[in-house]
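Asks:
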Ligand code: BES
Ligand code: ZN
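In my numbering, the protein residues as written are 27 to 484.
#1: Tell me the rounded alpha-carbon separation between residue 261 and residue 255.
#2: Once the 5 residues before and after residue 192 are set aside, which same chain residues still bring their CB inside 7 Å of it?
#3: Who are the Cβ neighbours of residue 308 in its own chain at under 6 Å, not counting the five residues just before and after it?
#4: Could you tell me which residues DSSP pairs with residue 386 in its beta bridges?
#5: Quick check on the DSSP output: the alpha helix (DSSP H) that includes residue 322 runs from which residue to which?
#6: Pull up the CB-CB distance for residue 176 and residue 112, whole angstroms please, since I reckon it's below 8 Å.
#7: Out of 37, 383, 339 and 314, which has the shortest C-alpha to C-alpha gap to residue 348?
#8: I'd like to confirm something about residue 363: is its beta-carbon nearer than 7 Å to some heavy atom of ligand 1, or not?
#9: With DSSP collapsed to three states, give me the class of residue 454.
#10: Expressed to the nearest angstrom, what Euclidean distance is found between the alpha-carbon atoms of residue 259 and residue 44?
#11: For a quick check, are the C-beta atoms of residue 81 and residue 479 less than 8 Å apart?
#12: Which runs of the alpha helix (DSSP H) at least 4 residues long sit entirely within the segment 245-299? Give them in chain order.
#13: Would you kindly check if the distance between the Cβ of residue 168 and the Cβ of residue 161 is under 8 Å?
#14: Would you tell me roughly how many angstroms separate the C-alpha atoms of residue 481 and residue 434, rounded to the nearest one?
#15: What did DSSP end up calling residue 28 once you bin it into helix, strand or coil?
#16: Beta-carbon separation of residue 463 and residue 137 under 8 Å?
#17: Under the assumption that residue 356 contacts residue 225 (Cβ atoms under 8 Å), give the Cβ distance between them as a whole number of angstroms.
#18: Note down, in chain order, each residue of its chain lying with its Cβ closer than 6 Å to the Cβ of residue 287, except the 5 sequence neighbours on either side.
#19: For residue 446 and residue 150, which I take to be in contact (beta-carbon distance under 8 Å), what is that distance rounded to the nearest angstrom?
#20: Applying the 10 Å Cβ sphere with the 16-neighbour rule, what's the burial state of residue 335?
#21: Give me whichever residues DSSP pairs with residue 174 in a beta bridge.
#22: Quick one: grab the DSSP three-state call for residue 211.
#23: Here's the rule I'm using: 16 or more other beta-carbon atoms within 10 Å means buried, otherwise exposed. How should residue 122 be labelled?
#24: Buried or exposed for residue 195, please, with buried defined as at least 16 other CB atoms from any protein chain shown within 10 angstroms of its CB.
#25: May I ask you to report which of helix, strand or coil DSSP gives residue 365?
#26: Could you pull the DSSP bridge partners for residue 504 from this structure?
#27: Entirely within the segment 115-188 and at least 4 residues each: give me those alpha helix (DSSP H) ranges in chain order.
#28: Below 8 Å, can you find three or more Cβ-Cβ pairs linking the segment 213-225 to the segment 383-396?
#29: For the segment 177-189 and the segment 52-60, state whether three or more C-beta atom pairs, one from each stretch, are separated by less than 8 Å.
#30: What did DSSP end up calling residue 198 once you bin it into helix, strand or coil?
#31: Report the rounded CA-to-CA distance for residue 467 versus residue 88, giving the unit in angstroms.
#32: Relative to the C-alpha of residue 214, which candidate in 458, 411 and 422 has its C-alpha closest?
#33: Identify, in the order they occur along the chain, each residue of the same chain with its Cβ nearer than 6 Å to the Cβ of residue 143, setting aside the five sequence neighbours on each side.
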């Protein structure tokens, strides 16, 4: 960190906070169609920022869904070229009543910024924007070549991104992709994520008659879709926590002794974790520790279930239909499309008679494991240690970032997951936040990382 950069950052802190809050005010929820305009507005905002700091070829690129923002700065001959990825879309805000103030009216409380997207992932895009701006403003040049790829559909399974990457393969030549959309493990000790789970999301729709029936007049004679759905869901998982879909585990790569030792070495107090969640017990697949279950084993969870009468009091009906959203977290080498077919076939097989059952594919993403010993990962570790004052932990995350596998397979790039949000930032939850000291330190980490990468032997 040069004195010049430090002085620039110190004198522009107010402006930086203002631009962070401005970005968070745009309600770019990718999953809800009524916010499509806001997603475009967020993309335009990011593009405007890139242009004004001197990034070139800035484009709000059409994808068939929410646009990708692209821009590059390629004037560091001989230095590595890095794709920097983040997502400007955010999760929905429900349950809105649990927010301290409106989710898109961000505010500073103590040393935190509270607002949807403050950490996942607009805050992390903002870190990159401000780091780039500060380096260009003070040095007139970056130490590495950067290509920014900021998408707007990550929280909706990045449905259109792979096609865009395929179509732009030629211009996306690079040495490395850096994804800033992950976080720390515990407290404020930095972490580098080296494993992400994949995902396969489905909706199961069970239907019988055109309208609800009187449960006295018809009960006993016809199938009840809600009961049928419960039967289907109950068949999916055993009491041992194992998923009963035939073939589900066929492609799962087993943990090695080294993998298990790495999980066991993480600072983790199971009792503390359980108590903080307010739970009487932790549950999961037999034979695995909590961290292994969460970071390296596949799951199947109902995300939502509905049908029939939901109001106060009772209503004696047999509902005409019932529905569930179900998602599986996947691990290497499970393929979301294969898992979808296996799951669909099994649901149809265990479905009781007397109803129609449909299984819709709601999207997916592939799992990934990235290299701990890659020079670019080691350089990231040095940058984190230099700025956060502690060496990073290496963790496998239970969450999913579909583009990680796509960078590896479509563009053939190594990936470094350089993220900055501790678990108490409440990503996806009410009162999502980011600590301003972390936001500020992370800007310095990014600057230091580009210097570290530029120093690597080619
Ligand atoms: N930032 C998260 C992914 C993540 C979560 C990384 C926890 C590290 C730790 C990302 O924005 C996210 O939530 N992804 C979705 C993807 C899904 C909708 C395809 C997820 O994991 O649910
Ligand atoms: Zn995210």
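Each residue gets a CB set at the ideal place from its N, CA and C atoms; glycine is no exception.
All values reported here derive from a predicted model rather than from experimental measurement.
Replies: Per the coordinate set shown:
#1: Going from the Cα of residue 261 to the Cα of residue 255 covers about 10 Å.
#2: Excluding residues within five positions, the ones whose Cβ falls inside 7 Å are 436.
#3: Taken in chain order, the residues that qualify are 300 and 316.
#4: Beta-bridge pairing links residue 386 to 229.
#5: Taken as a continuous stretch (DSSP letters only), the alpha helix (DSSP H) holding residue 322 covers 316-322.
#6: With a Cβ gap of about 5 Å, residue 176 and residue 112 count as contacting.
#7: The shortest C-alpha separation from residue 348 is found at 383.
#8: No - ligand 1 has no heavy atom lying nearer than 7 Å to the Cβ of residue 363.
#9: Residue 454 falls in the coil class under three-state DSSP.
#10: Each residue's Cα considered, the two are about 48 Å apart.
#11: Contact annotation: residue 81 and residue 479 have beta-carbon atoms that are not nearer than 8 Å.
#12: The segment 245-299 contains these whole alpha helix (DSSP H) runs: 251-262 and 283-291.
#13: Yes, the Cβ-Cβ distance between residue 161 and residue 168 is below 8 Å.
#14: Counting only the Cα atoms, residue 434 lies some 24 Å from residue 481.
#15: Here residue 28 sits in coil by DSSP.
#16: Cβ distance < 8 Å, so residue 463 and residue 137 count as in contact.
#17: The pair is a contact, with the Cβ atoms about 6 Å apart (cut-off 8 Å).
#18: So the list is empty, once near-sequence residues are dropped.
#19: Contact flag correct, Cβ pair sits at about 6 Å.
#20: When all chains shown are included, residue 335 counts as exposed.
#21: Bridge pairing for residue 174: 97 and 110 [DSSP].
#22: Three-state result, residue 211: coil.
#23: Residue 122 should be labelled exposed.
#24: Counting Cβ neighbours within 10 Å, residue 195 comes out exposed, since fewer than 16 surround it.
#25: Assigned with DSSP and collapsed to three states, residue 365 falls in helix.
#26: Summary: the structure shown does not reach residue 504, with the chain confined to residues 27 through 484, and so no result is reported for it.
#27: Whole alpha helix (DSSP H) segments, 4+ residues: 148-165.
#28: When C-beta atoms of the segment 213-225 are compared with those of the segment 383-396, three or more pairs fall below 8 Å, so the two segments count as touching.
#29: The segment 177-189, when compared against the segment 52-60, does touch it at the 8 Å Cβ threshold.
#30: The answer is coil: DSSP assigns residue 198 none of H, G, I, E or B.
#31: Computed Cα separation, rounded: 34 Å.
#32: Nearest neighbour of residue 214 by Cα position, chosen from 458, 411 and 422, turns out to be 411.
#33: Hits under 6 Å: 50 and 116.
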